[in-house]
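Data first, discussion second: the structure below is written as structure tokens.
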Amino acid sequence: MVNERQRNQILGLLFFGVLMAALDIAIVGPALPVLQRVFTVSERLLSWVFSIYVLGNLVGTPMIAALSDRFGRRALYVLSLSSFALGSLIVALAPSFSVLLVGRLLQGLSAGGIFPVASAVIGDTFPPERRGSALGLIGAVFGIAFLIGPIIGGLLLLLGWQWLFLINLPIAAILIAFSVRLLPGRTVTSSAPFDLTGLLVLGIMLSSLAYGLTELDPDAIRAGNVPFFAIGALIVAALLVPAFITIEKRATEPILQPSIFRSRQIWLTAALAVGAGIAESSIVFVPALLTAAHGVSSSTASFMLLPVVLAMAVGSPVSGRMLDQFGSRIVVTIGVILSGAGLVLLGALPMSLVAYYLSAIVFGIGLAILLGASLRYVLLNEVPANERAAAQGLLTVTMGVGQLLGAVLVGLIAATGGGGAGGYGVAFLVIGILMLALTFAGLGLKNRTAEKATALAHAH
Numbered sequence: 305m306v307n308e309r310q311r312n313q314i315l316g317l318l319f320f321g322v323l324m325a326a327l328d329i330a331i332v333g334p335a336l337p338v339l340q341r342v343f344t345v346s347e348r349l350l351s352w353v354f355s356i357y358v359l360g361n362l363v364g365t366p367m368i369a370a371l372s373d374r375f376g377r378r379a380l381y382v383l384s385l386s387s388f389a390l391g392s393l394i395v396a397l398a399p400s401f402s403v404l405l406v407g408r409l410l411q412g413l414s415a416g417g418i419f420p421v422a423s424a425v426i427g428d429t430f431p432p433e434r435r436g437s438a439l440g441l442i443g444a445v446f447g448i449a450f451l452i453g454p455i456i457g458g459l460l461l462l463l464g465w466q467w468l469f470l471i472n473l474p475i476a477a478i479l480i481a482f483s484v485r486l487l488p489g490r491t492v493t494s495s496a497p498f499d500l501t502g503l504l505v506l507g508i509m510l511s512s513l514a515y516g517l518t519e520l521d522p523d524a525i526r527a528g529n530v531p532f533f534a535i536g537a538l539i540v541a542a543l544l545v546p547a548f549i550t551i552e553k554r555a556t557e558p559i560l561q562p563s564i565f566r567s568r569q570i571w572l573t574a575a576l577a578v579g580a581g582i583a584e585s586s587i588v589f590v591p592a593l594l595t596a597a598h599g600v601s602s603s604t605a606s607f608m609l610l611p612v613v614l615a616m617a618v619g620s621p622v623s624g625r626m627l628d629q630f631g632s633r634i635v636v637t638i639g640v641i642l643s644g645a646g647l648v649l650l651g652a653l654p655m656s657l658v659a660y661y662l663s664a665i666v667f668g669i670g671l672a673i674l675l676g677a678s679l680r681y682v683l684l685n686e687v688p689a690n691e692r693a694a695a696q697g698l699l700t701v702t703m704g705v706g707q708l709l710g711a712v713l714v715g716l717i718a719a720t721g722g723g724g725a726g727g728y729g730v731a732f733l734v735i736g737i738l739m740l741a742l743t744f745a746g747l748g749l750k751n752r753t754a755e756k757a758t759a760l761a762h763a764h
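Structure below.
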């Protein structure tokens with residue numbers, strides 16, 4: 305039995321593990337001009353420093369999550385931290401841009417295990433009435449990472465771009481030492497054969513989906529250039545969906561239990577996660593709107609995202625405590641309405657600075673609720689202990705699909721709307737309306753009483 309002191313130590317360990325992985329998305333931004341100069345690559349190729357990390361994250365998440373349900377949280381968390389450190393070392397010592405991308409891919413695959421395993425550990429060690437607060441704290445990590453990441457990145461660049469990645473080695477070593485001591489070992493034993501076929505098909509399916517969405521260049525489509533490879537990859541992903549479902553139904557111990565998809569809560573949560581991912585990806589395009597509307601520089605526009613980041617950093621832990629008190633239906637619905645309303649205001653209001661900051665704060669609070677604890681909280685209560693990591697992995701995957709889809713949607717809608725401030729305004733308005741439509745999914749979630757009953761049933 306885990307006591308209160310041990311829970312706090314575990315929470316601290318998980319917090320810093322997730323922070324390390326999250327920082328490697330935010331921290332690399334200041335280094336991109338340096339990497340482009342050192343490796344002499346085009347901007348299109350340079351974008352893969354981000355894209356390949358996202359791709360690895362999307363593929364690695366369900367794989368490592370399923371393995372942790374089978375072989376134990378501690379083993380897979382330590383493995384994820386170790387391979388993340390190895391990926392960081394490969395990036396820092398990369399003699400070519402190709403090798404650097406291999407290291408980033410390994411980092412992304414490893415990071416794909418850190419967050420869902422951390423969420424599953426919280427479900428294993430915290431009672432239902434404390435899970436919301438714990439998940440809220442972990443969810444706040446992403447707001448903190450995007451707040452301090454560029455600052456830390458700028459400071460480490462003074463020592464050389466390699467230090468953005470070498471800094472992960474001592475941090476990972478410390479986290480591994482504490483993981484071995486604090487995290488619970490293997491709690492479930494099984495003699496059933498591992499679902500290797502399902503794992504491989506899922507990996508190919510998600511890789512094809514991630515590549516296809518990443519390579520759908522809105523500018524090329526608008527110019528009439530058909531991205532055949534991207535469309536082909538998306539077709540492969542679509543064709544593999546029924547094959548994967550068939551494999552999972554026949555597997556003795558599947559990667560994703562078919563029973564997960566019998567739950568209405570799971571389907572609603574997956575839909576909300578896709579919407580949250582689409583809304584999150586729209587943040588990337590806000591500086592372009594600000595530059596077009598106010599004529600500010602790119603760096604100034606990036607700093608103007610600070611209200612969104614601060615709102616997310618504050619909103620996530622607050623919403624976590626609200627989950628413990630009011631349940632997910634009320635909290636999730638508030639998050640959907642606020643994020644949708646923020647985007648609608650951003651797209652519909654005249655682009656004054658007052659209107660921008662108002663919409664940014666509303667949007668940031670709403671997004672913090674959805675990306676932080678609330679959707680993970682639903683799944684922790686809805687599935688038994690031996691499926692927690694897989695369910696968390698499913699959530700991360702659906703959110704990642706939303707992020708990739710959102711980037712394509714914003715680009716296409718903005719281009720169709722004529723580009724500039726007007727085009728991006730239309731894009732934010734459309735996505736805001738889409739988010740508001742998901743209010744019905746939030747209202748379809750269980751109330752606090754039913755949620756507690758389900759959690760207690762799974763606990764026994």
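Going by this note's numbering, the residue at position 115 of the sequence shown is 419; the numbering climbs one at a time, nothing skipped.
Think of the CB as a built atom: it goes at the ideal place given N, C-alpha and C, for glycine as much as any other residue.
**Three-way DSSP call (helix, strand, coil) for T753 in this model** = In the three-state reduction of the DSSP assignment, T753 falls in the helix class.
**Prompt:** CB S663 to CB G639, shorter than 9 Å?
**Reply:** Going by C-beta atoms, S663 is not nearer than 9 Å to G639.
**Request:** Quick one: which unbroken beta strand (DSSP E) runs of 3-plus residues sit fully inside the region 307-377? Chain order, please.
**Result:** Runs of the beta strand (DSSP E) inside the region 307-377: none found.
**Message:** Taking the alpha helix (DSSP H) that L397 belongs to, which residues open and close that run?
**Reply:** Counting along the chain, L397 falls outside any alpha helix (DSSP H), and DSSP gives it neither H nor E.
**Request:** Compare the Cα-Cα distances from V332 to each of Q313, R554, L470 and report the closest residue.
**Result:** With distances taken between Cα atoms, V332 lies closest to L470.
**Prompt:** For S423 versus L439, is the C-beta spacing smaller than 9 Å?
**Reply:** Yes. Within cutoff.
**Asked** Is it the case that the Cβ atoms of R633 and L760 are separated by a distance below 9 Å?
**Response** Taking 9 Å as the Cβ cut-off, R633 and L760 do not qualify as a contacting pair.
**Item:** Contacting residues, own chain, Cβ-Cβ under 6 Å from D373 (five flanking each side not counted)
**Value:** For D373, where only same-chain residues beyond five positions count, the Cβ hits under 6 Å are N690, A693, A694.
**Request:** For the alpha helix (DSSP H) holding R554, just list the boundary residues, first then last.
**Result:** Its alpha helix (DSSP H) spans residues 532-554.
**Item:** For S400, the nearest candidate out of I368, V358, L350, I452 (CA to CA)
**Value:** Comparing Cα-Cα distances from S400 to each of I368, V358, L350, I452, the minimum goes to L350.
**Request:** Identify which residue in G715, I539, L510 has its Cα closest to the Cα of F589.
**Result:** The shortest CA-to-CA distance from F589 to any of G715, I539, L510 is the one to G715.
**Prompt:** For A541 versus L510, is the C-beta distance shorter than 9 Å?
**Reply:** Judged by their CB atoms, A541 and L510 are nearer to each other than the 9 Å cut-off.
**Message:** Give me, in chain order, the residues of the same chain whose beta-carbon lies closer than 7 Å to that of F732; leave out the 5 immediate sequence neighbours on both sides.
**Reply:** Within the same chain, F732 has close Cβ partners S586, L647, L650, G651.
**Asked** Can you check whether the CB of S567 is closer than 9 Å to the CB of L317?
**Response** The answer is no: Cβ separation not under 9 Å.
**Request:** Please report the residue range of the alpha helix (DSSP H) in which N472 lies.
**Result:** Note, N472: alpha helix (DSSP H), 472-486.
**Message:** With a threshold of 7 Å on Cβ separation, who are the neighbours of I551 within its own chain once the five nearest residues in sequence on each side are excluded?
**Reply:** The beta carbon of I551 sits closer than 7 Å to the beta carbons of T501, G502, V505 from its chain, once the five residues preceding and following it are set aside; these are given in chain order.
**Prompt:** Should Q569 be labelled buried (16 or more other beta-carbon atoms within 10 Å of its own) or exposed?
**Reply:** With 16 or more Cβ atoms within 10 Å of its Cβ, Q569 is classed as buried.
**Asked** Is it the case that the Cβ atoms of L413 and G376 are separated by a distance below 9 Å?
**Response** For the 9 Å CB-CB criterion, L413 and G376 do not form a contact.
**Request:** Pick helix, strand or coil for F401, following the three-state DSSP scheme.
**Result:** DSSP places F401 in the helix class (H, G or I) of the three-state scheme.
**Message:** I want to know whether the region 574-583 touches the region 674-683 - three or more CB-CB distances under 8 Å.
**Reply:** Contact holds: three or more Cβ-Cβ distances are below 8 Å.
**Request:** Go to W465, then tell me how far its alpha helix (DSSP H) extends in each direction, as first and last residue.
**Result:** It is not in any alpha helix (DSSP H) - W465 carries neither H nor E in the DSSP assignment.
**Identity of the residue in S346, P488, F320, Y357 nearest Q310 by Cα** = With distances taken between Cα atoms, Q310 lies closest to P488.
**Item:** Beta-carbon spacing of V636, L674 below 9 Å
**Value:** At a Cβ-Cβ threshold of 9 Å, V636 and L674 count as neighbours.
**Prompt:** Between A583 and G619, what straight-line distance do the alpha-carbon atoms span, to the nearest angstrom?
**Reply:** CA-CA distance, A583 to G619, rounds to 16 Å.
**Message:** Buried or exposed for Q629, going by 16 or more other Cβ atoms inside 10 Å?
**Reply:** So Q629 counts as exposed.
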